[in-house]
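Trainee:
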Amino acid sequence: TSDFTQITTTLAVEVTDSDTHPDGTDALRRILTKAGVALVGHDGLDAEGLPGAGHILLVEATGEETYDLVRDSVAGLGLGLVRMEQRRHHIAEVFRTEQDAARTAAVPAQAATAGAAQQKGSGRDEH
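Take 32 as the starting number for the sequence shown in the working numbering and just add one per residue.
1. So what's T51 in DSSP terms, helix, strand or just coil?
2. Using three-state DSSP, classify A106 as helix, strand or coil.
3. Of the residues G107, V105, R60 and G111, which one's Cα is nearest the Cα of E91?
4. In angstroms with no decimal places, state the Cα-to-Cα distance between D54 and L63.
5. With DSSP as the reference, identify every bridge partner of R70, one or two as the case may be.
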C-alpha cells in the first residue's frame, strides 16, 4: 500500500478567501504563476486527470524555496493558509495506468487479428 500512497513533488495548497480577495485561490494562482511556479491542472483536473477540489491548487515543488514562496505569497495576499501538504498518489492512478497499458496492448493485438482474418478471407495462403 505504501507504493500507492507515495509522496510526489506536487503540493496541495488550500487557502481562505478574504474581503480583498473573494477568490483567494485565484489570487494565489496568479501570484505563483507570475513568479514562475508550475501549477498542475488548470482545468480542474491534475496531470493524471483526477479531479481536485475547486479551492485546492496543485503546485509543482522544486525545493524548499517553493514552500517559502507559497507561504510568503499567502501572507502577502492576506489570506489564511488552510493546508499545504505534499500530495500523495491516489489508488485510482494505479488502476488507470494498468487500464491504459491494457488498452494500448489490445490495439496491436486487434489489428493483427483483423489482418489475419482479412488474409484468410482473401483466399491467399502464404507458405
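The C-beta atom is built at its ideal place from N, Cα and C for all residues, glycine as well.
Mentor: On the basis of the supplied data:
1. coil
2. helix
3. R60
4. 15 Å
5. Looking at the sequence shown, residue 70 is not Arg but Leu. In DSSP, L70 forms a bridge with V90.
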